[in-house]
Every structure is written in structure tokens, then in C-alpha cells.
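From first to last, the protein sequence lines stand for chains W and R.
So in full-length UniProt numbering, spot 6 of the first sequence is number 6, and the numbers just go up one at a time.
So in full-length UniProt numbering, spot 106 of the second sequence is number 106, and the numbers just go up one at a time.
Glycine residues also receive a C-beta, built at the ideal position from the N, C-alpha and C atoms.
2 protein chains.
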Amino acid sequence: MAQHKGQQRRSSIHDVASHAGVSAATVSKVLAGVTTVKPENAQRVLDAVERLGYRVDPLASDMRRAKRRIIGAIMPEFESEFFGQMVTELEGLAEQRGYTLVAASSRESEAREKEILARMHDWRVAGVVLAPVRNEHGPAADFMKANGMTGVLIDRVLSDDAFDTVSADSAAASAEVARMLVGKGHSHILVIGLAEQAATVRARLEGFRSQALALNPSVRIDVITSEVSVEPLRSSLRDYFGQGERPTAVYSLLLKGTLVALSEFRRRGWHCPDDISLVGFDDAEWMQVTWPAIAAVVQPVRRIASEAMNLLFRRVEGAVGPPTARLEPCQVLERESVGSPGSGPHSGGGDRQ
Amino acid sequence: MAQHKGQQRRSSIHDVASHAGVSAATVSKVLAGVTTVKPENAQRVLDAVERLGYRVDPLASDMRRAKRRIIGAIMPEFESEFFGQMVTELEGLAEQRGYTLVAASSRESEAREKEILARMHDWRVAGVVLAPVRNEHGPAADFMKANGMTGVLIDRVLSDDAFDTVSADSAAASAEVARMLVGKGHSHILVIGLAEQAATVRARLEGFRSQALALNPSVRIDVITSEVSVEPLRSSLRDYFGQGERPTAVYSLLLKGTLVALSEFRRRGWHCPDDISLVGFDDAEWMQVTWPAIAAVVQPVRRIASEAMNLLFRRVEGAVGPPTARLEPCQVLERESVGSPGSGPHSGGGDRQ
DNA sequence: TGTAACCGATAAATCGATTTTTCACTGTTG
DNA sequence: CAACAGTGAAAAATCGATTTATCGGTTACA
């Protein structure tokens, strides 16, 4: 009984043509805005379109085009605010230009990334916005190059010799975090991250380290990274603290690391910022309502998205020239999780503050 | 200089045909697995496919089909874990069946929801998974009905007379929350929510209320809802507490409400669970690392996604019959944010208990 | 006066696959 | 030996739009 009616096939351009008493070509021209159509005929076409509720079939319309009006977007995941916002923005921007966005998640797998790309190539997408799992030198970028695809790389990239890139200026933001922490007197800081995202993580680490050392040459910076997933990071962190290491601040280079650090603090009964300070790369809505609010680096998602789309469409429209590498500035939000070392009431654990 | 090479147009079925010395029809049949092709010719076709790296153009392939192998997904937003996971799951399931998923965000707007749906109809998608902004009676569902589209409604729906629906069993989960809170001795509970999502919010509220009253007829349940956005909710909550109301527990019917409650607690210096208990509908990764961890209702995202796709494809393949309304069970995670009233070391104002 | 440009519109080709129709050829049977 | 059934494959139609070639009829220009 359900949904069995309304199966009437939709009217095609030929239906419009016969209703208006003209040929299909004329209809196509009227709808494309060609001016060499007699006004009277144009009006009859528009009337027929109106009467039949005709809408162009984008699939048929794209058939002859070498580049279809489709943009592919490949993200490592959809579950985080960052990539969620990114997809929302990209979709809106594609739509504005009359394109359809097809988004897919590589689920942090380079193999899958390449498969998705191959499928998008099958669709002959006009362009691709790729947020690579690792960096700009992965198999996916190679595939794009080998097949002459048009694309922009974003987020976990620095620059590329074939594609335009857009990412947050991690190094500058990390330097600002360094100024903040060292400025407050921290002289033993732990940095945690995932090394697999080589390009950006290294930029963040170096940006932080060089600025911190410039401000205080005797600052001690420990680094804990894990190659693949976040779980090894958790156990490394546990070991590190278990050995009695007590940095006065932690800078996490990625969102999940911030969660890991928080949960480890919690396990030990340490409180921010009295027992230890915390800053995380990447902001999230919950960070301002936790107790205390977590200081964070906010990435300019909208700017990254719009710059990426601008660059992409420039290429789609045939622009040539060397690829550009854009770095968009981040914002560092200093919140309550950052204090001066040893300034808090500092008892040991338990429920307080 | 960038990306100017490799513009070689891809080989079509005709290229394969001529390389294999057969007709295009034969190539199509071989690739479709038709057995009436002489093995020798089939092999030559496969060789040519291999040599040319030929892949079927899904767009051209879909041209003649009334229903294209495309599934549309419309979500109210992409920024939350819930819908992020949902899209990831739906995409994987569509891919498994050889379909392409086109996802779009309605950005909590019913008008946009309908526009997106119209565009998907233009694409002649085989089916749509719609998570409506409000409920099953919105303009989008009407549009689908009026145009004979195939679809499944998920999340903020209960049941419909035209479409299959799949959602979390909010009422049962809320009843379980009621058992938990009343069981711990809470007799004055505040429930907060957004009324716009009428269907499910009402189910959650009623599930909670009826169970709570059944267990303790004298329990006092206050309700604060806001019609449109979350900001009015925040100020209502502020007013409510400002008037001296001191419930011993808060149950938030939506994730953003949980954030609002937390931030309001924080503003007042109240701690969970000593000063007040908190349970939220919808889980998030950060909830288990905050101090304290927040008790939450976990929705079965994967089950909702896979049930929705199963039902959808059944309809796509022509199944008829009355629409089904599925309710998938949730899991209630009791975490540290829930305690017994007045049991904390640190009870604040003199609330009843 | 002959050629070219211009008009407005239509017929036809095109895109790349699928599906239906047609056809040539083999082998069987009455 | 003619009628017939069965094979395997090619030819053609189809999907719905866009684009190119073409057409008859004027007007402009050399």
C-alpha cells in the first residue's frame, strides 16, 4: 500500500518541446538563456515548463560534458566537529555554483581513500577536495596526478608540486601556544600527538618548540607520539606519568589527544589548571562547558573551505600556473585550563576546585 | 604548469569493443555476466578491459534506468557525532550495494530540506534516507509522497502512514533513566528539551514521566523547553535556577541541552553529582573524560542505519505493503554524574530530599 | 549580380552505456 | 530438401539533454 502512486515518469525536454510547439533544441536554448530565440517562442517554452513542472535532469545534462557538475569530497572521518563543519561548508559552496557534492569518508585508511577516488574518477567529477589521511604524498594524490584529475588538498598537508593546498597555519598557532605557556612561566611542557599525520604534526611541533626555546632556552619539552592509533598514545602517557614525570603543562596536537590527556588527568585526580595546564589543538563545543573550560586552537574551517573551493573552481575553469599553498590563520582561545605553574591551591586530587 | 597532463579522455565501451573485435553490446553483456557469450570472445573482452583499464561510467550506465543507483541522505546537521556516524554508516551500506550516497545537510531548516529533496528528485535517486528537522509531518515528507519518491524516515520520527520509519526507542530509554533517577531517591527532577522536534521529544518526556510517576507518585517533574533554538533554553534555565528552584537531578532530552545544563551548573559552581545529578540523551566521546563523566543514553546508530537501508532497498526493489515503524533499543550508561540526592560531601543549598 | 552574413529554428549527432531487435548461420527434423 | 529451432553476435533504439550542422529566406556589401 505504501508509496505506490505518483510513479508517473517525469516530463522530459521533448514533452516541453511538443507542448510549446517547438523543438527540443529551442527549449534547451531558452533554458540556457540564449538570446536568439523569438520572444514569443521563449514565452511559450516557459509556459510549458511551468505547466509541466519541468526540471532539467542533471544526469542527462552532464552526459556530454567531459567534466560533470559534481565535486567529490573525501574526508578522513565525519564524526568530528571539524570535518562535519567542513562538509557542511563545502556542500553549501558547491551548491551555490550549481554543483552537487558527493562526500565520502576514507575512515582513516589510505587504501580506502584511493578506492573512493577511483570511483569518483569513474563519475568524471569536475574536481575533488581531498583531506588526505596522512599527507600530500599518499597514494591518493598520486592517483589524482596519474589520471589528470583536478583537485585541492586540505588540512593535513603543507604544500604540493601538483595541487593547490589549503590548511590551517598550525606552526604559527603552535608558536602562539608556546608564547602563552612559556609566558606564564611553564618550563616543563609535554607535547603529545600522532606522528602519522606527518606534515602538519611536524609543523605544529616545530612551531611550538622553536618559539618556546626562543623565549626560554632552558625550557624542557618532552614529546610523546604514537604512530598509528590513539590507544598506544594513552598507554605511553600513562607510563610517562607513572615514571613520576610531572610537566606543568600539556599541549595536545590533536583533538583525541586532548581527550586522552583529560582522561589521564582524571584517572590520577589531577585538576586543571591547579595541578597541570592543558591546551589542545582543535576546538570543540564541549570544551567551553567542561570544568574547567579547555584552552584550544580554533581552526578557520569556513575560510579553509571557501579558499579550497575558490582554488578548485579556478582550476576547473582551466586556470593554469604553479600550485599555491595557503595557510589560514588560527585563533588561540585561552581558557581556564591554562594557569601558571604552582599558582593553584594545589592539594592532591580528590573533588575540589 | 599544474595538472595539465593526463587529460586523455577515458576509454569507453566502444574502445573496448573495437580492441576486442566485438560490438559494444557484447562488451556490456560480458561485464553484466550474461552467459550467452562465447568464452573465447568473453576472454578477449576481459583482456581488452584489462589492457585499457576500462571502468563503466556510472552516469552513462544510469541513463536509461528510471531509478538511478544513487541514494540521497538528508540530515539536519553534520557537526554532531550522531549524524556524523550516521552518514558514515549510510555511505558504507550504500557502497556495499553498488550505490553512491549523496548526503546533504538541511541545517535544521525545513525549507532547505525540501529544496534538497527537490534536487535529489531531479537526480532521480532510487531512494532517500531523510532525518527530518522536525518530525514525519513536515513539507519534505509531503513532497516525497506527492512525487512518488521512495524513502525512509529516521531519527526524529515515530511512525508514518506512507514511509517506513526507524528511530531510537526514546520512550523506553527515558523510562530507564527514570528508574535510575527515582531509584536513587530523586524526587524533584528537571527535564529540559527542545519542543520543535515534537515527535521524539514528546516520546522521551512521556516515557520518563510515566515511569517516574509509576515508581513514585509524589515525584515532582519540572519541564523546561524552548521552541526554536537552544539559547532561549539557556536563559529559561538561568531564570529557573535564579528563582531558587533546586531539583536534585536534571535529565536533558538532547545533547545541546546537556551542554547548556553543564555550563549553567558551572556558572553557579555546582558540582555533579554532589550538588545535582545529570543525565543526557545522546552520548558523545568527551562525556567519559569530563570530570565527572556524564551519564548518557546511547543511540544505536549502526542499527538505525542498517535497518533504514534494509527497509529502503526492500522498497527500491519493489516491495509493497504497509509501512513499518521500527524502534531500536538504546543503552543507558550510568556514569559518575548521577548520584543520590544529598549524599555528596559538599551539599550546597538546603534542598529538600 | 553574386557572395556573405544573419535570422530563427529544426534535424541530427553526440555523450556512454543498456536493451531490444534483427540477422546470419548451424544443425535438426519431417 | 525445405521448414524450423537454436546460437551468438551485430545493429539499432533508447535514456534526456546539449551542441553542431543545416535550412530557407532576407538583407548587406563588394
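- Within chain R, not a single residue places a beta-carbon under 9 angstroms from that of W:G207; the smallest gap is close to 26 angstroms.
- Under the Cβ distance rule, W:V102 counts among the residues neighbouring chain R, one pair being separated by less than 7 angstroms.
- Under DSSP, the beta-bridge partners assigned to R:M75 are R:S105.
- In terms of Cβ geometry, W:C330 and W:V289 do not form a close pair [threshold 7 angstroms].
- Within the stretch 84-97 of chain R, the residues whose Cβ lies closer than 7 angstroms to any Cβ of chain W are, in chain order, G84, Q85, V87, T88, E91.
- Think of a sphere of 7 angstroms around the beta carbon of R:V289: the chain W residues whose beta carbon falls inside it are L259, L262, S263, R266, in chain order.
- Counting the other Cβ atoms within 10 Å of the Cβ of R:R9 gives fewer than 16, which makes it exposed.
- Between W:A199 and W:V157, the CB-CB gap stays under 7 angstroms.
- The distance from the Cβ of W:T248 to that of W:S277 is about 6 angstroms, consistent with a contact at the 8 angstroms cut-off.
- By the Cβ neighbour-count rule, W:T35 is exposed, with fewer than 16 other Cβ atoms within 10 Å of its own.
- The DSSP-derived three-state label of R:R303 is helix.
- Partner residues in a beta bridge of R:F241, as assigned by DSSP, do not exist.
- Boundaries of the beta strand (DSSP E) around R:I221: 220-226.
- Less than 7 angstroms separates the beta-carbon of W:L190 from that of W:D222.
- Residue contact with chain R for W:P341: absent (no Cβ-Cβ distance below 7 angstroms to any residue of chain R).
- Cβ-Cβ separation between R:I74 and R:A162: approximately 16 angstroms, too far for a contact (criterion under 8 angstroms).
- Counting along the chain, W:Q211 sits inside no beta strand (DSSP E); it lies in the alpha helix (DSSP H) bounded by residues 198-215.
- The alpha-carbon of R:T150 is positioned some 50 angstroms away from that of R:R268.
- Looking at R:V22, R:S23, R:L46, R:G21, the one whose alpha-carbon comes closest to that of R:G33 is R:L46.
- Contact of R:D62 with chain W by beta-carbon distance below 8 angstroms involves L59.
- For R:D122, at least one C-beta of chain W is nearer than 7 angstroms to its own C-beta.
- Nearest Cα to R:E89 within the set W:W270, W:Y99, W:V152, W:S105: W:S105.
- Fewer than three Cβ pairs drawn from the stretch 79-97 of chain W and the stretch 59-68 of chain W lie within less than 8 angstroms of each other, which leaves the two stretches out of contact.
- In the three-state scheme derived from DSSP, where H, G and I count as helix and E and B as strand, W:T100 is classed as strand.
- Distance from the CA atom of R:E206 to the CA atom of R:A172, rounded to whole angstroms, is 10 angstroms.
- Boundaries around W:T165 are those of the beta strand (DSSP E), 164-168, since no alpha helix (DSSP H) includes it.
- For R:I294, there is no enclosing alpha helix (DSSP H), since its DSSP letter is neither H nor E.
- Under the rule that a run must span 4 or more residues, the alpha helix (DSSP H) segments found entirely inside the UniProt domain "HTH lacI-type" (11-65) of chain W read 13-20, 24-32, 39-52, 58-62.
- Residue burial is scored here from C-beta neighbours: R:Q299 has at least 16 other C-beta atoms within 10 angstroms and is therefore classed as buried.
- Identification of chain W residues near R:F78 by a Cβ-Cβ cut-off of 7 angstroms yields F78, G84, V87, T88, ordered along the chain.
- Between R:V152 and R:A319 a beta carbon distance of about 12 angstroms is seen, past the 8 angstroms cut, so the two are scored as non-contacting.
- Two segments are said to touch when three or more pairs of C-beta atoms, one from each, lie closer than 8 angstroms; by this definition the stretch 12-30 of chain R does not touch the stretch 122-129 of chain W.
- Following the DSSP letters along the chain, one finds W:L278 in no alpha helix (DSSP H) but inside the beta strand (DSSP E) bounded by residues 277-281.
- Relative to the Cα of W:N310, the nearest Cα in the group W:A60, W:T165, W:F78, W:G148 belongs to W:T165.
- W:R69 is the residue among W:R69, W:Q43, W:D275 whose C-alpha sits nearest the C-alpha of W:Y99.
- The beta carbon of R:W270 sits no closer than 7 angstroms to any beta carbon of chain W.
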